[in-house]
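Going left to right, the sequence shown walks through residues 145 to 728 as the numbering used here numbers them.
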Amino acid sequence: MNSVSALLLSLVPLITAHAEGWKLDDGKESIQAHGSVKTAAGVTGQSLVLDGSSVIELKDTAQLNGSFTVSVWFNPYVLEGSQQMIVGKNRYSLGERQWGVTIEPDGKMKAHLRQDGWSEITCAEPLKAGHWHLATLTVDSGKAALFLNGKPVGEVKLKKPIPATHASITLGGILDDGKRRQQFHGALDDAHFEPRVMSAEEIAASYRPITATHELPKPKTADFPLWDERVKLAEAKDLPVLDGVEFHVIKKWDKEADGYTFLHGVGLVWHKGKLYASIGHNKGAENTVSEEAQYRVSEDGGKTWSELRVIDAGEEIDLAVSHGVFLSHAGKLWAFHGAYYGKMERIHTRAYSLDEATGQWVKHGVVLENGFWALNQPVKMDDGNWIMPGISAGPYSNTGTFPAAVAISHGDDFTKWDFVSIPVHEGLRMWGESSIIVDGPNVLNIARYAAKPLALISKSTDHGRTWSTMGESNLPMTTSKPAAGLLSTGQRYLVCTNAANNGGKRFPLTIAVSKPGSPLLSQVFVIRHAEHSGPGESNPKAALSYPCATEHEGKLYIGFSNNGGRGGNHNSAEMAVIPVERLK
145 MNSVSALLLS
155 LVPLITAHAE
165 GWKLDDGKES
175 IQAHGSVKTA
185 AGVTGQSLVL
195 DGSSVIELKD
205 TAQLNGSFTV
215 SVWFNPYVLE
225 GSQQMIVGKN
235 RYSLGERQWG
245 VTIEPDGKMK
255 AHLRQDGWSE
265 ITCAEPLKAG
275 HWHLATLTVD
285 SGKAALFLNG
295 KPVGEVKLKK
305 PIPATHASIT
315 LGGILDDGKR
325 RQQFHGALDD
335 AHFEPRVMSA
345 EEIAASYRPI
355 TATHELPKPK
365 TADFPLWDER
375 VKLAEAKDLP
385 VLDGVEFHVI
395 KKWDKEADGY
405 TFLHGVGLVW
415 HKGKLYASIG
425 HNKGAENTVS
435 EEAQYRVSED
445 GGKTWSELRV
455 IDAGEEIDLA
465 VSHGVFLSHA
475 GKLWAFHGAY
485 YGKMERIHTR
495 AYSLDEATGQ
505 WVKHGVVLEN
515 GFWALNQPVK
525 MDDGNWIMPG
535 ISAGPYSNTG
545 TFPAAVAISH
555 GDDFTKWDFV
565 SIPVHEGLRM
575 WGESSIIVDG
585 PNVLNIARYA
595 AKPLALISKS
605 TDHGRTWSTM
615 GESNLPMTTS
625 KPAAGLLSTG
635 QRYLVCTNAA
645 NNGGKRFPLT
655 IAVSKPGSPL
665 LSQVFVIRHA
675 EHSGPGESNP
685 KAALSYPCAT
695 EHEGKLYIGF
705 SNNGGRGGNH
715 NSAEMAVIPV
725 ERLK
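Here it is, written out as structure tokens:
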């Protein structure tokens, strides 16, 4: 079998005859690859190779509920980073959760069985990248058992049967109502499903060692570090928690009272003794035309806030104006907001300045195109220009390449900017929401990945005009927009979620810092965990994401989104205030 289509035929789940004598054997009609796949030597003939962006759907398998045995050969190319689904039957967004077998961020296999929550079986044996493994899961009404290479590795009692859903069985990820999630990077071969629980003896007999290995793809790494490799990064539970942090709520999520569903992208600035906070707000779904740029003002450092006010509600036909960033300069307050038409089409950035006599925002129109969306505030460089980080974006996709980008002003004229896209390695999938650290002519860009929870980095030595090829750093970071900068102490900082073996979790909210004058981050503090006793929402699954940060009078003000465990970007806007001295 040399073609992908022929190989797909071989991956049909084999259902042995039972009382009804039912067997699937029509691979061409029963298998569908979502995304690109390649072939390579497999366990039997050829295998399918997935690049971490594709999912294989076993069609007409929604009815395969009840007791079963499922097995699949897999050869992982990447073990660290995000959770990868080997085989599963779920559609999370539709409330359909049954079971799955994953590779966890620590490089070990785990089974997930749906009860009131998830019951799990953890395999203690580490997997080997480039080597073939056989995963087998058995489930009946009272027990589930996990096997690796024909040997039992654990079991769990089930209080009730796994729920039946209309989700298809998928390999190498989950097809979640059209969206691909938890994608696997590696090779798959010889998947089988039987509507009965096979015995341990049968499972042991089904395994034979495969000595052939696959050559691993070369990593797309940056040629310089972000993290001091002499320091071991701790897991989230072991990171120190900052003392003396104040917490405030900028805007509580309260759809019942105000009708707003989506809130995201806090921007902060101090201007003439007042603290301004902007957000993207929408009574409809995220990234739709009803999005608005709004803000509030605090005269007491964030303890209390004004009513919601509007920067731009997008009055043109099909125009939406969303979250952005502020700049206070020479007594004037500016705002730069991402905007688009329809559903994330023709993305651009618009500029505004506040007429403080009238309280109205003056519209300066489109100042940046090329999909540029400003994501962290402009920073003054020593050549007299300002540099503003963002993304060159289009309609969201976790399988595409949307590079990080910067905009460079023409001096203090904030209506004229030069767009600079940062080059990336070929095939590097990213959603390049980015931040910068400016140090003389040297600028470091830290950007969000899409493929894995790892910070991407690039550097410029000429005030942002040219850049090194963006690549993987040596610092784990969740897939969310970061905020970064240089403190008055000479320390670099990065706000996001940085912790070992944390996968794509958007908690806890952390800040990584360097020693004064050092280019390497070397210490991570927890700003707050998902569960929290102070002001703001507390939930064990709360996503704390999309931070911004600004320093003022010895304190670092950090705005962030908190979805309170609701899922999606149904967020409250919250703020943490950190005394800079605490970061030394």
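Glycine is no exception: its CB is placed at the ideal position from the N, C-alpha and C atoms.
**Q.** Under 8 Å between C-beta atoms of Y594 and W575
**A.** As written in the sequence, residue 594 is Ala, which differs from the Tyr given in the question. Yes; because the gap between Cβ atoms is below 8 Å, this pair is in contact.
Q. Are the CB atoms of A279 and S215 nearer to each other than 8 Å?
A. Yes, these two residues count as a Cβ contact at 8 Å.
**Q.** Proximity winner among Q190, L688, L194 and P220, relative to G179 (alpha-carbon distances)
**A.** For G179, the nearest C-alpha among the options comes from L194.
Q) Does the beta-carbon of N715 have 16 or more other beta-carbons within 10 angstroms, so that it is buried, or is it exposed? A) In summary, N715 is buried, with 16 or more beta-carbon neighbours lying within 10 Å of its beta-carbon over all protein chains present.
Q.
Bridge partners for L700 per DSSP, in chain order?
A. In DSSP, L700 forms a bridge with E695 and I722.
Q. Taking the Cβ atom as the reference point for each residue, do S689 and L407 lie within a distance shorter than 8 Å?
A. Going by beta carbons, S689 and L407 fall outside the 8 Å limit.
Q: Would you mind reading off the limits of the alpha helix (DSSP H) that contains A344?
A: Secondary structure note for A344: its alpha helix (DSSP H) is the uninterrupted segment A344 to A349.
Q.
What does the Cβ neighbour count give for G711, buried or exposed, with the cut at 16 atoms within 10 Å?
A. Counting other Cβ atoms within 10 Å of its Cβ, G711 stays below 16 and is therefore classed as exposed.
Q. Per DSSP, Q228 forms a beta bridge with which residues?
A. Assignment of beta-bridge partners to Q228 by DSSP yields I247.
Q. Under the DSSP definition of a beta bridge, which residues are partnered with C640?
A. DSSP lists T654 as partners of C640.
**Q.** Y485 - DSSP class collapsed to helix/strand/coil
**A.** For Y485, the three-state secondary structure derived from DSSP is strand.
Q: Buried or exposed for L151, please, with buried defined as at least 16 other CB atoms from any protein chain shown within 10 angstroms of its CB.
A: Low per-residue confidence applies at L151: pLDDT is 45, beneath 50, and the placement is therefore not dependable enough to give any value.
Q) Just how far apart, CA to CA, sit F669 and A474? A) When rounded, the distance between both Cα atoms is 34 Å.
Q: Starting from the C-beta of K476, find all residues in its chain whose C-beta is less than 8 Å away, skip the five residues before and the five after it, and write them out in chain order.
A: By the criterion of a C-beta distance shorter than 8 Å, K476 is surrounded in its chain by S497 and L498, once the five residues flanking it on both sides are discounted.
Q. Residue range of the alpha helix (DSSP H) that D402 falls in?
A. Where D402 is concerned, the enclosing alpha helix (DSSP H) stretches over K399 to D402.
Q: With a threshold of 16 other CB atoms inside 10 Å of the CB of A687, please say whether the residue is buried or exposed.
A: Buried is the call here.
**Q.** Of the listed residues W276, R325 and S350, nearest to P296 (C-alpha basis)
**A.** Of the candidates W276, R325 and S350, the one whose C-alpha sits nearest the C-alpha of P296 is S350.
Q: Could you tell me which uninterrupted beta strand (DSSP E) segments, each at least 3 residues in length, are contained entirely in the stretch 402 to 432, listed from first to last along the chain?
A: Counting whole runs of 3 or more residues, the stretch 402 to 432 contains the beta strand (DSSP E) stretches 406 to 415 and 418 to 426.
Q. Who are the Cβ neighbours of A185 in its own chain at under 8 Å, not counting the five residues just before and after it?
A. The residues S191, A356 and H358, in chain order, have a CB closer than 8 Å to that of A185 in the same chain once the five nearest residues on each side in sequence are set aside.
Q. Name the DSSP bridge partner or partners of L598?
A. P620.
Q: Please go through the same chain and pick out, in chain order, the residues whose beta-carbon is closer than 6 Å to the beta-carbon of H481, but skip the five residues on each side of it.
A: Contacts found: A437, V465, G468 and R494.
Q) Is there contact between the stretch 313 to 329 and the stretch 198 to 218, where contact requires at least three CB pairs shorter than 8 Å? A) Three or more beta-carbon pairs separated by less than 8 Å link the stretch 313 to 329 to the stretch 198 to 218, which places the two stretches in contact.
Q: Give a yes or no on whether the C-beta atoms belonging to I601 and A366 are separated by under 8 Å.
A: Cβ atoms of I601 and A366: closer than 8 Å.
Q) In the structure shown, what three-state DSSP assignment does L370 receive? A) DSSP places L370 outside both helix and strand once states are collapsed to three, so it counts as coil.
(Q) Output needed for S472: all residues of its chain with C-beta closer than 6 Å, excluding positions within five of it in sequence on either side, in chain order. (A) Answer for S472: V413 and H415, listed in chain order.
Q) Measuring CB to CB, does A628 end up less than 8 Å from L619? A) The answer is no: Cβ separation not under 8 Å.
Q) In three-state DSSP terms, what is L664? A) In this structure, L664 counts as coil in the three-state DSSP scheme.
**Q.** For S211, three-class secondary structure by DSSP
**A.** Coil at S211, not helix or strand.
Q | Counted within 10 angstroms of its Cβ, other Cβ atoms place H310 as buried (16 or more) or exposed | A | H310 comes out exposed.
Q) Helix, strand or coil: which one does DSSP assign to A289? A) A289: strand per DSSP, three-state reduction.
Q: Determine, using beta-carbon pairs with one atom in the stretch 570 to 588 and one in the stretch 529 to 546, whether at least three such pairs fall under 8 Å.
A: Remark: three or more beta-carbon pairs, one from each stretch, lie closer than 8 Å, so the stretch 570 to 588 and the stretch 529 to 546 are flagged as touching.
Q: Output the distance between the C-alpha atoms of R490 and G232, rounded to the nearest integer angstrom.
A: Whole-angstrom Cα-Cα distance: 37 Å.
Q.
What would DSSP say about Y540, mapped onto helix, strand or coil?
A. Secondary structure at Y540: coil, using DSSP grouped into helix, strand and coil.
(Q) Suppose the cutoff is 6 Å on Cβ atoms and the five residues either side in sequence are ignored; what does the same chain contact list for G403 look like? (A) Setting aside the 5 residues that flank it on each side, G403 is surrounded in the same chain by K427, each with a C-beta closer than 6 Å to its C-beta; the list follows chain order.
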